[in-house]
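Visitor: Protein chains in written order, with the working numbering: chain P, 1 to 316; chain R, 317 to 692; chain F, 693 to 780.
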Amino acid sequence: MPSDRGLLTLGQAGLQQISNALRGDGLWLDVGVARMRVRSDEPSLAAQLQAVYQNFPLQTSSDWADLHIDLRRQSGLRRWLAPQVRFFCDGQVPFDPFPADAALPLLEWGANWLIGRRCNHLLLLHSGVVERQGLALVMPALPGSGKSTLTAALALRGWRLLSDEFGAYDPGEGVFRPALKPVGLKNQSIDVIRAFSPDAQLGPSFPKTRKGTVAHLAPDANAVMRVHETARPGAVLLPRWQAGSATQLLPVQPQMAFSTLAFNAFNYQVLGAVGFEAVVSLTQRCPVWQLIYSDLDDALARIEALWPDVLAREAA
Amino acid sequence: MNRAPARIPAAMAWLGALQQPNVVTAWTLPQWQRVLRLSRRLRLLGRLAEQVDAAGLTDQLPQAVAQQLRAEMRYSRWRTNLMRWTVERLSETLADAPQPLVLLKGSAYVGQDLPIAAGRLPSDLDILVPLEHIAAVQARLVAASWAEAEMDAHDQRYYREWSHEVPPMRHPVLPLELDLHHNILPPVAQVSVKAEHLLARLQPSLWSGWQVLHPFDQVLHSAVHLFQDSEARDRLRDLVDLDGLMRHFSAADPDFWPGLLARARELRFSNDLALACHFTQHWLGTPMPAAASAALAESMGWRRAGLLRLWSAVLTPTEPDALPSLRQGMAANVLLLRHHLGRMPLRLLVPHLWHKARANRAKSAKDLIADTPSDG
Amino acid sequence: MLFEPLGGGWVAFSSLSGESHLLNAESVAVVETLDLLQPRTAEEVTELLAADSGIPAAELTEKLADAWSMLLQAGLIREQNATACLQI
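Quick look at the structure:
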């Protein structure tokens, strides 16, 4: 179905159109905190982008991008023996090459790295963020948290996805901004989400990456349409998946919450006093809970039940 | 009298904004996009951002541009502040030191609060201490929790025998790496200088207990570093620094130029100074007396035309969407060879380069694997 | 220097070191007793706090020992000729 403004989405466009754009001036993808321009001579990338950015408008020209990314096939003998692809940004190669059939993971991780390094006008929490009724639910990434699984599940159950990677907090406005990229799922999470929602728009799986098997959930049309719509801070949930446990919500003390958020942010130190004030503000405004769970559906139900109180508290 | 420089190549015209930021208000979005991409790669974005901000222009610019400028200013100020703090902690550790403690390069510029101190991206702290005091200073540092970076036997030997630095030191809490020098050039190199010459003319900095090289020696160190030593990506930034140093110091000292040339002759750095002045004049418009200009050009002799062509090819930044030209690649290789041959004998060079390449690959692999981004 | 009450204690930020810290009661007491205009020695601070709180000076010196070194290292206070001076 065409998007609201009658523009073609990547999902509706022909593969050749996407391929031509990648080989030409580029494909523009607006993820909110940054407008990316992607070029590549790697043939497999067009279909991969079509899958995971399927609801994004097809944009093949613009006079502005914040990130200029070029994924180039490695030249030389390696081209045939073990083809590789390299990530260029403005003529620099910050990373080692990836196998040519894993171009999408390289693009996603590389773009995330650039966002994390550059967007210092915002406080970037390493978190998943979803929104309901104008308020943001922030889920910091901690080891074993399963934040991406939870973020994906919430996005599939009617919460608006802002990001699975960046809690991009604007300290001036006091709001969260979308950093809308495909949700990166690893290993078992992929199967969990497939089982959770058989219609989920999942892209191809990439086995044997440095983080195991990786696949991406495409942001839905609603999230894409509202990519510049902000959300006020609502609540912070520190998820912890624990096999066999019942769903529990445990309040977290303010000083603990402060430390967790400060450590969790990519660029807390870079922002200095601004970062300090922002985390203080978030800690004062938002209730913070630890969410221990093993059953995804039950966890979601618990979060849903929580939300009216969060709304009421914010309104007060 | 100063002679107006020849017209600046169009591709370099944007560098003028670093001295005259008002020009940026006329830049279109495509122009801004090119400059932001170029200056970021060249590590000059912070400088540009600070100049534009100091002129009160940031708010007048398109939002997307202003955001990038402000973001980079934050990043640069954070790193510069870290450097200041590290120096302060070092002062505690090395207080009452009998020997001079000399700030070098970026730390010297920040320590003198020079115009070129703004918008820098320090990742390490360079200080110089006389060779005979190095061991004592290191001992004090180790007692204060500084540790030598882990390295294998090859690297250790490189540092101990061939280099003018000791292996970099790290602290568990302070994030900047400490590079302790006892000279500004490797003693084994063909081009070298006796440390005593530099130590004889130290000047105070704005930080008590810390000194800097004489202004002439700061300029010469920068020139020699650029043409003998630096990483490819920093070269234009070094040129901008040189222009900044020369403008600042010559404004304060009417005898600056004759004095600088005399010192260059004395230390046998005239060649590098001549190269530096050629490019700062022609690309950045550094005001220079005609006599000084002519004397330096002459000092380069028959090698001049060839060297200028090579360096011009190497120093010219590649446009953002283009890949480095073949010509540029070849020129870079010639110069790289010259640089390495100048630094160490050939029998030592090959294992060293292989080793360096391996270390760089290992580092970049580590960066991508880590969950949190790290600065490249 | 930024200080905010949070939970039962305080959080602090030093623009000097760029570090953020959670402060316990002892550290906050020391910092509150110092100010830029009046550098004080450690002994003076202990005396003032002893008078304020009613805790004997000897006991206080022990409690505060850790706080001093931590505050100095964190850049929340700064030495000036052997007296500590709150850095703004």
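Even for Gly, the Cβ is constructed at its ideal location relative to N, Cα and C. A quick note: this is a predicted structure, and the numbers were derived from the prediction, not measured.
With H, G and I counted as helix, E and B as strand and the rest as coil, what does DSSP make of Ala530 of chain R?
Guide: For the purposes of this step, residue 530 of chain R is taken as the residue at position 214 of the second sequence. Here residue 530 of chain R is His; the residue named in the question, Ala, does not match the sequence. Coil, per DSSP.
Visitor: In chain order, which beta strand (DSSP E) runs of at least 3 residues are fully inside the stretch 54 to 105 of chain P?
Guide: 67 to 73, 84 to 89
Visitor: Run through the DSSP bridge pairs and tell me what Thr374 of chain R is partnered with.
Guide: Counting from 1 along the second sequence, the entry for residue 374 of chain R is found at position 58. Per DSSP, none; premise fails for Thr374 of chain R.
Visitor: Under 8 Å: do the stretch 192 to 199 of chain P and the stretch 35 to 44 of chain P share three or more Cβ pairs, one atom per stretch?
Guide: no
Visitor: On the DSSP bridge list, what partners appear for Glu481 of chain R?
Guide: Here residue 481 of chain R refers to the residue found at position 165 when the second sequence is read from its first residue. Beta-bridge pairing links Glu481 of chain R to R:His497.
Visitor: Which of the residues in the stretch 263 to 274 of chain P, read from start to end, lie with their CB under 7 Å from any CB of chain R?
Guide: Phe266, Gln269, Val270, Leu271, Gly272
Visitor: Of the residues P:Phe56, P:Pro143, P:Asp90, P:Glu131, which one's Cα is nearest the Cα of Gln318 of chain P?
Guide: Because chain P in this structure spans residues 1 to 316, residue 318 of chain P falls outside the shown range and cannot be described.
Visitor: Looking only at its own chain, which residues have a Cβ that is under 8 Å from the Cβ of Asp758 of chain F, when we skip the five neighbours before and after it?
Guide: Counting from one through the third sequence, the residue named residue 758 of chain F turns up at place 66. Contacts found: Glu718.
Visitor: If the cut-off is 7 Å on Cβ atoms, which residues from the stretch 693 to 715 of chain F count as contacting chain P, listed in chain order?
Guide: Leu694, Glu696, Leu698, Gly699, Gly701, Val703, Phe705, Ser707, Gly710, Ser712, Leu714
Visitor: Residues in the same chain with beta-carbon distance under 8 Å from Asp440 of chain R, minus the five sequence neighbours each way, listed in chain order, please.
Guide: If you number the second sequence from 1, residue 440 of chain R lands on position 124. Pro484, Leu492, Glu493, Leu494, Asp495, listed in sequence order.
Visitor: Looking at Pro94 of chain P and Gly110 of chain P, is the spacing between their C-beta atoms short of 9 Å?
Guide: Sequence index remark: in the first sequence, residue 110 of chain P carries index 110 (1-based). Sequence index remark: in the first sequence, residue 94 of chain P carries index 94 (1-based). Cβ atoms of Gly110 of chain P and Pro94 of chain P: closer than 9 Å.
Visitor: Can you list the residues of chain P that Arg353 of chain R reaches, using a CB-CB cut of under 7 Å?
Guide: The sequence position of residue 353 of chain R within the second sequence is 37, counting from 1. From the beta-carbon of Arg353 of chain R, the residues of chain P found nearer than 7 Å are His68, Asp90.
Visitor: Looking only at C-alpha atoms, which of R:Ala578, R:Val540, R:Trp618 sits nearest to Ala592 of chain R?
Guide: Taking the first residue of the second sequence as 1, we reach residue 592 of chain R at position 276. Looking at the Cα atoms, R:Val540 is the closest of the given residues.
Visitor: Quick one: which residues of the stretch 230 to 263 of chain P get their C-beta closer than 9 Å to a C-beta of chain F? List them in chain order.
Guide: Against chain F - using a Cβ distance shorter than 9 Å - the residues of the stretch 230 to 263 of chain P are Gln253, Pro254, Gln255, Met256, Ala257, Phe258, Ser259, Ala262.
Visitor: Among all the DSSP beta bridges, which residues are the ones paired with Pro520 of chain R?
Guide: Within the second sequence, numbered from 1, the residue matching residue 520 of chain R stands at position 204. Answer is R:Gln527.
Visitor: According to DSSP, what are the bridge partners of Tyr268 of chain P?
Guide: Within the first sequence, residue 268 of chain P is the residue found at index 268, counting from 1. The partner list for Tyr268 of chain P (beta bridge, DSSP) is empty, contrary to what the question assumes.
Visitor: Looking at Leu291 of chain P and Leu237 of chain P, is the spacing between their C-beta atoms short of 9 Å?
Guide: Taking the first sequence and counting its residues from 1, one reaches residue 237 of chain P at position 237. Taking the first sequence and counting its residues from 1, one reaches residue 291 of chain P at position 291. Result yes, Cβ atoms of Leu237 of chain P and Leu291 of chain P sit closer than 9 Å.
Visitor: Given a cut-off of 9 Å, decide if Trp627 of chain R and Phe543 of chain R are closer than it, judged by their beta-carbon atoms.
Guide: As a first step, residue 543 of chain R must be located in the second sequence, where it is residue number 227. As a first step, residue 627 of chain R must be located in the second sequence, where it is residue number 311. Taking 9 Å as the cut-off, the beta carbon of Phe543 of chain R is found closer than this to the beta carbon of Trp627 of chain R.
Visitor: So with Cβ pairs under 9 Å, would you call His216 of chain P a contact of chain R?
Guide: By one-based count along the first sequence, residue 216 of chain P stands at place 216. No, His216 of chain P lies away from the interface with chain R (no Cβ there is under 9 Å from its Cβ).
Visitor: Who are the neighbours of Val129 of chain P on chain F, taking C-beta pairs under 7 Å?
Guide: Along the first sequence, read from residue 1 onward, the residue named residue 129 of chain P stands at position 129. Within chain F, no residue comes near Val129 of chain P; the closest Cβ sits about 23 Å away, beyond 7 Å.
Visitor: For Ala382 of chain R and Gly32 of chain P, I'd like the C-alpha separation in whole angstroms.
Guide: Residue numbering aside, residue 382 of chain R sits at position 66 when the second sequence is read from its first letter. Residue numbering aside, residue 32 of chain P sits at position 32 when the first sequence is read from its first letter. Rounded to whole angstroms, Ala382 of chain R to Gly32 of chain P spans 16 Å at the Cα level.
Visitor: For Ser19 of chain P, count neighbouring C-beta atoms within 10 Å of its own C-beta (all shown protein chains included) and say buried if the count is 16 or more, exposed if not.
Guide: Here the question's residue 19 of chain P lines up with position 19 in the first sequence. Classification for Ser19 of chain P: buried.
Visitor: Below 8 Å on the Cβ atoms is my contact criterion, and I expect Ala463 of chain R with Arg486 of chain R to pass it. Report the Cβ-Cβ distance as a whole number of Å.
Guide: For the purposes of this step, residue 463 of chain R is identified with residue 147 of the second sequence, where counting begins at 1. For the purposes of this step, residue 486 of chain R is identified with residue 170 of the second sequence, where counting begins at 1. Correct: roughly 6 Å between the Cβ atoms.
Visitor: Considering only C-alpha positions, which residue in the set P:Asp70, P:Ser61, P:Leu29, P:Ile69 is nearest to Gln382 of chain P?
Guide: The requested residue 382 of chain P does not occur in the structure, where chain P is confined to residues 1 to 316.
Visitor: Could you tell me whether any non-hydrogen atom of the ligand MG is closer than 8 Å to the CB of Phe543 of chain R?
Guide: Among the components of this structure there are no ligands whatsoever, and the ligand MG is therefore not found.
Visitor: Determine the closest residue to Leu137 of chain P out of P:Gly167, P:Gly116, P:Ser281, P:His121, with distance taken between C-alpha atoms.
Guide: Position 137 of the first sequence, counted from the first residue, corresponds to residue 137 of chain P. The option with the nearest alpha carbon to Leu137 of chain P is P:Gly167.
Visitor: Would a check of beta-carbon distances place Cys777 of chain F closer than 9 Å to chain R?
Guide: Locating residue 777 of chain F in the third sequence gives position 85, counting from the first residue. Note on Cys777 of chain F: pLDDT 42, under 50, position unreliable in the model; no value is reported.
Visitor: Whole angstroms is fine: what's the gap from Ala231 of chain P's alpha carbon to Pro520 of chain R's?
Guide: Sequence index remark: in the first sequence, residue 231 of chain P carries index 231 (1-based). Sequence index remark: in the second sequence, residue 520 of chain R carries index 204 (1-based). Taking the straight line joining both Cα atoms gives about 53 Å.
Visitor: Consider the Cβ of Leu398 of chain R: report whether some Cβ of chain F lies at a distance smaller than 9 Å.
Guide: Along the second sequence, read from residue 1 onward, the residue named residue 398 of chain R stands at position 82. Closer than 9 Å to some Cβ of chain F, the Cβ of Leu398 of chain R qualifies, so yes.
Visitor: Determine whether the beta carbon atoms of Leu135 of chain P and Gly203 of chain P lie at a separation below 9 Å.
Guide: Within the first sequence, residue 135 of chain P is the residue found at index 135, counting from 1. Within the first sequence, residue 203 of chain P is the residue found at index 203, counting from 1. No. Outside cutoff.
Visitor: Using a Cβ-Cβ distance cut-off of 9 Å, determine whether Thr283 of chain P contacts chain F.
Guide: For the purposes of this step, residue 283 of chain P is identified with residue 283 of the first sequence, where counting begins at 1. So yes, Thr283 of chain P belongs to the interface.
Visitor: Restricting to runs no shorter than 4 residues, where is the alpha helix (DSSP H) found entirely within the stretch 223 to 300 of chain P?
Guide: 254 to 264, 272 to 285
Visitor: In the DSSP output, which residue or residues are listed as bridge partners for Phe543 of chain R?
Guide: Taking the second sequence and counting its residues from 1, one reaches residue 543 of chain R at position 227. Paired residues: none, contrary to the question.
Visitor: For Leu318 of chain P and Leu583 of chain R, I'd like the C-alpha separation in whole angstroms.
Guide: Residue 318 of chain P falls outside the range modelled here, since chain P spans only 1 to 316, and no answer is possible.
Visitor: Below 7 Å CB to CB, which residues in the same chain sit around Gln765 of chain F once its five sequence neighbours on both sides are set aside?
Guide: By 1-based counting over the third sequence, the position of residue 765 of chain F is 73. Taken in chain order, the list of residues that qualify is empty.
Visitor: Could you tell me whether any Cβ in chain F is nearer than 9 Å to the Cβ of Val280 of chain P?
Guide: Your numbering for residue 280 of chain P matches position 280 in the first sequence. At least one C-beta of chain F is nearer than 9 Å to the C-beta of Val280 of chain P.
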